[in-house]
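> Residue numbers (our numbering): 22 to 278.
Virtual Cβ for every residue (Gly too), placed ideally from N, Cα, C.
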DNA sequence: ATGACCGCTGGAAGCGGA
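(1) Would you report the Cα separation of residue 64 and residue 33, rounded to the nearest angstrom?
(2) By the three-class DSSP mapping on this structure, what secondary structure does residue 43 have?
(3) Is the CB-CB distance between residue 201 and residue 249 below 7 Å?
(4) In terms of alpha-carbon separation, which member of 163, 145 and 155 lies closest to residue 171?
(5) Can you tell me whether residue 148 is helix, strand or coil according to DSSP?
(6) With DSSP as the reference, identify every bridge partner of residue 249, one or two as the case may be.
(7) Got a sec? Which residues, its chain only, sit under 6 Å from residue 49 by beta carbon, not counting five neighbours each side?
(8) Under a three-way DSSP split, which group does residue 259 fall into?
(9) Run the CB neighbour count on residue 252, radius 10 Å, all protein chains shown included, and call it buried at 16 or more, exposed below.
(10) Are residue 188 and residue 139 closer than 7 Å when you measure CB to CB?
(11) By Cβ distance, which residues of its chain are closer than 7 Å to residue 101, with the 5 residues on each side in sequence left out?
(12) Provide the residue(s) that pair with residue 23 in DSSP beta bridges, ordered along the chain.
(13) Alpha carbon to alpha carbon, how far is residue 116 from residue 194?
(14) Taking its Cβ as the centre, do 16 or more other Cβ atoms sit within 10 Å of residue 131, making it buried, or is it exposed?
(15) Between the alpha carbons of residue 239 and residue 129, how many angstroms are there, rounded?
(16) Considering only their Cβ atoms, is the gap separating residue 56 from residue 76 smaller than 7 Å?
(17) What runs of the beta strand (DSSP E), each 3 residues or longer, lie entirely inside the stretch 98-136?
(18) Starting from residue 167, follow the beta strand (DSSP E) in both directions and report where the run begins and ends.
(19) Helix or strand or just coil, what does DSSP make of residue 73?
(20) Apart from the five residues on each side of it in sequence, which residues of its chain come closer than 6 Å, Cβ to Cβ, to residue 99?
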């Protein structure tokens, strides 16, 4: 089973890019983030015509997450992260697919830091850690997939000091990510490729793509049962070079289910 | 360090993103 994640930065604006990529790479499951459309604006029919069923949580203007599955209906298990009844941002959707629980995650960016947005990021992270702990203690075969907005280690970003104050690289952000891994989750792309650049994001600004100055922000966290089935993974960098590209490229793994 | 990109809303210029 090939699972992909893609921060698409507006699904309707980039629908042609998405459909082209689906046809070329044929992932079975796709976790999308930053749909930037309200619930009714999701292009369900266009995706169904290409063989993909979907569950999604939309929001006007910002955020938005989805899970696409080829030739199969995902079974929606959650459309929000537990722990805060007053949080209405569309950042979490979860579904069962062929006996695997899959979450599509869009963790808050958190800039500027410090400030209320960074506090929200850390609070959201704590809720995720709590939920993930329940899943792993229950022995659920699960994959927590998406845009974590965390650069886990210094090797996950091009050499620079200019982002030292950025929320993506803060010790508190990295500590939360490590605490999540400490529950027993495996960072699948790093397990497959233990060292070196594995960029999934290049800023629109300046010459970041041309200079290949990127970051690794999009991650697959696998429960132990799924880690044992991990075969392959990578980043579809070619998508970042397309016309009308998102600032993220899709990343993917394959599991031998 | 700086530069100044892209998409949103609203219909200009400022916010959010990372």
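Based on what the coordinates show:
(1) 7 Å
(2) helix
(3) no
(4) 145
(5) helix
(6) Bridge partners of residue 249: none, in fact.
(7) 22, 23 and 91
(8) helix
(9) exposed
(10) yes
(11) 113
(12) 275
(13) 26 Å
(14) buried
(15) 13 Å
(16) no
(17) 113-118 and 121-127
(18) 163-168
(19) strand
(20) 115
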